[in-house]
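A short write-up of the structure that comes next.
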Amino acid sequence: MTGSNYATERETTEGRVFTVTGGDWDDVVSGVDPINEGRIVVNMGPQHPSTHGVLRLILELEGETVREVRSVVGYLHTGIEKNLEFRNWVQGSTFVTRMDYLSPLFNETGYALAVEKLLGIEEQITERATTIRVLMMELNRISSHLVWLATTAMELGAINMMLYGFREREYILEIFELITGLRMNHAYVRPGGVAQDVPDEAIVKIRDFLKLMPKRLKEYEDLLSGQPIWLERTQNVAVLDVTGCLALGVTGPVLRSAGLAWDLRKTMPYCGYETYEFDVPTHTDGDVWGRYLVRNAEIRESLKIIEQAVDRLKPGPVMVDDKKIAWPAQLAIGVDGMGNSLEHVAKIMGQSMESLIHHFKLVTEGFRVPPGQVYVGIESPRGELGVHAVSDGGTRPYRVHYREPSFVNLQALPAMAEGGLIADVIAGGASLDPVMGGCDR
Numbered sequence: 001m002t003g004s005n006y007a008t009e010r011e012t013t014e015g016r017v018f019t020v021t022g023g024d025w026d027d028v029v030s031g032v033d034p035i036n037e038g039r040i041v042v043n044m045g046p047q048h049p050s051t052h053g054v055l056r057l058i059l060e061l062e063g064e065t066v067r068e069v070r071s072v073v074g075y076l077h078t079g080i081e082k083n084l085e086f087r088n089w090v091q092g093s094t095f096v097t098r099m100d101y102l103s104p105l106f107n108e109t110g111y112a113l114a115v116e117k118l119l120g121i122e123e124q125i126t127e128r129a130t131t132i133r134v135l136m137m138e139l140n141r142i143s144s145h146l147v148w149l150a151t152t153a154m155e156l157g158a159i160n161m162m163l164y165g166f167r168e169r170e171y172i173l174e175i176f177e178l179i180t181g182l183r184m185n186h187a188y189v190r191p192g193g194v195a196q197d198v199p200d201e202a203i204v205k206i207r208d209f210l211k212l213m214p215k216r217l218k219e220y221e222d223l224l225s226g227q228p229i230w231l232e233r234t235q236n237v238a239v240l241d242v243t244g245c246l247a248l249g250v251t252g253p254v255l256r257s258a259g260l261a262w263d264l265r266k267t268m269p270y271c272g273y274e275t276y277e278f279d280v281p282t283h284t285d286g287d288v289w290g291r292y293l294v295r296n297a298e299i300r301e302s303l304k305i306i307e308q309a310v311d312r313l314k315p316g317p318v319m320v321d322d323k324k325i326a327w328p329a330q331l332a333i334g335v336d337g338m339g340n341s342l343e344h345v346a347k348i349m350g351q352s353m354e355s356l357i358h359h360f361k362l363v364t365e366g367f368r369v370p371p372g373q374v375y376v377g378i379e380s381p382r383g384e385l386g387v388h389a390v391s392d393g394g395t396r397p398y399r400v401h402y403r404e405p406s407f408v409n410l411q412a413l414p415a416m417a418e419g420g421l422i423a424d425v426i427a428g429g430a431s432l433d434p435v436m437g438g439c440d441r
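Structure, rendered in structure tokens:
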């Protein structure tokens with residue numbers, strides 16, 4: 001017998017003496033498992049420049065190979081869903097817009113559609129309001145995909161793409177500011193319609209954008225698609241096939257890049273998407289490269305939808321007629337930002353006591369929503385964004401819960417990354433496009 005981790009030895013005049021101890025379990029295991037000696041545990045995040053926000057990944061490595069991945073979420077928990085229970089139904093849009101901060105208009109639209117379904121007023125939403133919602137969502141889809149392309153390229157070494165992606169996104173944020181008064185966190189889509197109409201100068205800027213963006217997208221592809229390093233870092237990296245996607249509940253571009261054309265705008269249409277002409281891009285490789293191609297193609301399809309929506313914009317109201325629901329809408333932008341128009345304030349303060357009382361009650365208390373529960377799913381840039389809203393008949397939600405695609409899709413990371421290289425964890429995680437504000441809420 002020779003010495004080991006749990007039995008030290010020494011020579012004496014009476015022969016060799018062993019001192020047997022319990023020993024540390026890890027030492028014992030490594031004594032019989034030589035592979036385990038090379039394993040280390042590394043914390044990647046939550047303050048890591050390449051984990052797309054405050055995502056923590058615990059990696060067990062054997063050299064450069066990843067043996068185990070555990071994702072730890074919750075570092076950006078804001079308690080938004082709980083806060084909704086203490087605000088009236090209209091105020092909810094101000095909260096939900098801050099969840100997935102790269103696609104605020106989707107959060108708002110999903111919430112508004114759920115509240116409208118509870119109210120039973122889906123048929124009363126005006127055509128113009130619905131068209132504006134589609135227009136804004138598709139602009140937002142492009143801006144979100146641009147952030148994905150910019151940040152993913154930067155994480156894989158193409159730093160100039162970061163500058164170009166944010167340059168075009170800035171153009172879209174300027175359009176949003178023209179229409180909503182804000183670049184992000186708009187609270188623009190409200191139950192019953194939208195907060196205010198689209199000004200003429202915004203339409204001019206959107207048409208300019210429709211001419212500009214296809215050229216810029218071609219430049220991105222010229223920059224990346226044939227680049228040997230980009231191909232090496234994306235092709236056959238972080239592969240997840242259709243079976244894996246379905247088993248893990250993965251939706252959005254990641255699912256479509258594996259070959260399944262599942263897009264709620266086509267399969268379960270809402271906001272009149274069935275009346276628009278567009279395709280659902282797919283790819284069959286199920287790798288980072290496929291997700292890159294699918295998102296680029298989706299930008300082109302969104303441009304087609306935006307063009308159709310702009311052509312369809314007919315004059316008309318942007319909020320339901322029912323004055324018990326319609327506030328706040330048809331607001332005006334003054335020197336201090338967006339608010340009630342001065343004419344409306346002058347009218348209710350000077351001419352109509354009933355209007356003033358009604359306005360006061362509606363603003364402070366809000367409208368009542370009949371008891372019930374609904375689920376509404378829409379296609380966000382990251383996949384199926386579902387809203388489960390419950391009303392107990394009061395002026396505040398009893399419960400609102402979001403099925404957030406970032407949260408669901410992140411569970412696919414171990415399936416993609418284990419067995420690959422540590423560098424591919426970055427590419428695979430980025431290709432999921434997680435937004436931690438939405439994941440953690």
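In terms of UniProt numbering, the sequence shown is residues 1 to 441.
Even for Gly, the Cβ is constructed at its ideal location relative to N, Cα and C.
For this session: Specify the secondary structure class of LEU385 as computed by DSSP and reduced to three states.
Result: Along the sequence shown, one-based indexing puts residue 385 at 385. Three-state result, LEU385: strand.
For this session: Return the chain-ordered list of same chain residues with a C-beta closer than 8 Å to the C-beta of GLU219, the five sequence neighbours on each side being excluded.
Result: The residue you call residue 219 lines up with position 219 of the sequence shown. Closer than 8 Å at Cβ, skipping near neighbours: TYR164.
Exercise. Sorted by chain position, which residues of the same chain lie with C-beta nearer than 7 Å to ALA202's C-beta, five sequence neighbours on each side aside?
Worked result: Numbered from its first residue, the sequence shown carries residue 202 at position 202. Contacts found: ILE175, LEU178 and ILE179.
For this session: Decide if MET1 is buried, meaning its Cβ has at least 16 other Cβ atoms within 10 Å, or exposed.
Result: Residue mapping note: residue 1 aligns to position 1 of the sequence shown, counting from 1. Because MET1 carries a pLDDT of 46, less than 50, the predicted location of this residue cannot be relied on, and the following value inherits that uncertainty. By the neighbour-count rule (16 or more Cβ atoms within 10 Å), MET1 is not buried but exposed.
Exercise. Taking just the CA atoms, how far does GLU64 sit from ASP287?
Worked result: Position 287 of the sequence shown, counted from the start, is the residue given in the question as residue 287. Position 64 of the sequence shown, counted from the start, is the residue given in the question as residue 64. Their Cα atoms are separated by approximately 20 Å.
Problem set entry | Boundaries of the beta strand (DSSP E) in which MET44 is found, first to last residue | Residue numbering aside, residue 44 sits at position 44 when the sequence shown is read from its first letter. It spans 39-44 - the beta strand (DSSP E) in which MET44 sits, taken as one unbroken run.
For this session: Starting from the C-beta of VAL42, find all residues in its chain whose C-beta is less than 7 Å away, skip the five residues before and the five after it, and write them out in chain order.
Result: By one-based count along the sequence shown, residue 42 stands at place 42. The answer, listed in chain order, is LEU59 and LEU61.
Exercise. Can you give the Cα-Cα distance for LEU385 and GLY350, rounded to whole angstroms?
Worked result: Numbered from 1 along the sequence shown, position 385 holds the residue referred to as residue 385. Numbered from 1 along the sequence shown, position 350 holds the residue referred to as residue 350. Cα to Cα, the separation comes out at about 45 Å.
Exercise. Identify the residues that DSSP records as bridge partners of GLN373: which are they?
Worked result: Counting from one through the sequence shown, the residue named residue 373 turns up at place 373. Beta-bridge pairing links GLN373 to VAL390.
Exercise. What are the start and end residues of the beta strand (DSSP E) that includes TYR402?
Worked result: Along the sequence shown, read from residue 1 onward, the residue named residue 402 stands at position 402. Looking at the DSSP string, the run of the beta strand (DSSP E) that includes TYR402 is 399-403.
For this session: Note down the Cα distance separating THR94 from ARG87, rounded to an integer number of angstroms.
Result: Translated into positions along the sequence shown, residue 94 becomes position 94. Translated into positions along the sequence shown, residue 87 becomes position 87. Those two C-alpha atoms are separated by around 10 Å.
Problem set entry | Start-to-end residues for the alpha helix (DSSP H) that takes in ARG256 | Within the sequence shown, numbered from 1, the residue matching residue 256 stands at position 256. For ARG256, the uninterrupted alpha helix (DSSP H) segment begins and ends at 253-256.
Exercise. Residue 485 by DSSP, collapsed to three states: which one?
Worked result: Any question about residue 485 goes unanswered here, given that the chain covers just 1 to 441.
For this session: Identify whether MET137 lies in helix, strand or coil by the three-state DSSP scheme.
Result: Counting from one through the sequence shown, the residue named residue 137 turns up at place 137. Three-state DSSP puts MET137 in a helix.
For this session: Assign ASP322 to buried or exposed, taking buried as 16 or more other Cβ atoms, counted over all protein chains shown, within 10 Å of its Cβ.
Result: Counted from its first residue, the sequence shown places residue 322 at position 322. It is exposed - the Cβ of ASP322 has fewer than 16 other Cβ atoms within 10 Å.
Exercise. What do you get for GLY3, buried or exposed, if any count of 16 or more other CB atoms within 10 angstroms of its CB means buried?
Worked result: Position 3 of the sequence shown holds residue 3. Confidence is the limiting factor: at GLY3 the pLDDT is only 48, short of 50, which leaves the residue's position unreliable, though a coordinate-based value still follows. Within a 10 Å sphere around the beta-carbon of GLY3 sit fewer than 16 other beta-carbons, which makes this residue exposed.
For this session: Report the partner residues of SER71 according to the DSSP bridge assignment.
Result: Reading the sequence shown from its first residue, position 71 is the one you call residue 71. Answer by DSSP bridge pairing, in chain order: LEU57.
Problem set entry | Bridge-paired residues (DSSP) for LEU421 | The sequence position of residue 421 within the sequence shown is 421, counting from 1. Paired residue(s): THR65.
Exercise. Cα separation between ALA309 and THR126?
Worked result: Locating residue 309 in the sequence shown gives position 309, where the first residue counts as 1. Locating residue 126 in the sequence shown gives position 126, where the first residue counts as 1. About 14 Å.
Exercise. Taking the Cβ atom as the reference point for each residue, do ILE172 and ILE142 lie within a distance shorter than 9 Å?
Worked result: Here residue 172 is taken as the residue at index 172 of the sequence shown, counted from 1. Here residue 142 is taken as the residue at index 142 of the sequence shown, counted from 1. Yes, the pair counts as a contact, with Cβ atoms nearer than the cut-off.
For this session: State the Cα-Cα distance for the pair TYR75 and GLY252, rounded to the nearest angstrom.
Result: Translated into the one-based positions of the sequence shown, residue 75 becomes position 75. Translated into the one-based positions of the sequence shown, residue 252 becomes position 252. Roughly 24 Å separates the two Cα atoms.
Exercise. Of the residues TYR273, MET136, GLU354 and GLY226, which one's Cα is nearest the Cα of LEU182?
Worked result: The residue given as residue 182 occupies position 182 in the sequence shown. Residue MET136 is the option with its Cα nearest to LEU182.
Exercise. Can you give the Cα-Cα distance for ALA412 and SER431, rounded to whole angstroms?
Worked result: Here the question's residue 412 lines up with position 412 in the sequence shown. Here the question's residue 431 lines up with position 431 in the sequence shown. Cα-Cα distance, rounded: 11 Å.
For this session: Leaving out five residues on either side along the sequence, give the residues of the same chain with a beta carbon under 6 Å from the beta carbon of GLU168.
Result: By one-based count along the sequence shown, residue 168 stands at place 168. Only LEU146 and ARG216 meet the Cβ criterion.
Exercise. How many whole angstroms separate the CB atoms of MET436 and LEU55, which I take to be in contact at a CB cut-off of 8 Å?
Worked result: For the purposes of this step, residue 436 is taken as the residue at position 436 of the sequence shown. For the purposes of this step, residue 55 is taken as the residue at position 55 of the sequence shown. Right, their Cβ atoms sit about 6 Å apart.
Exercise. In this structure, does DSSP put MET349 in helix, strand or coil?
Worked result: Position 349 of the sequence shown, counted from the start, is the residue given in the question as residue 349. In the structure shown, MET349 adopts helical secondary structure according to DSSP, grouped into three states.
Exercise. Are the CB atoms of PRO414 and GLU68 nearer to each other than 9 Å?
Worked result: Walking along the sequence shown from the start, residue 414 turns up at place 414. Walking along the sequence shown from the start, residue 68 turns up at place 68. Between PRO414 and GLU68, the C-beta spacing is below 9 Å.
Exercise. Does the Cβ of GLU11 have 16 or more other Cβ atoms within 10 Å, making it buried, or fewer, making it exposed?
Worked result: Stepping through the sequence shown from its first residue, residue 11 is reached at position 11. Its Cβ having fewer than 16 others within 10 Å, GLU11 is exposed.
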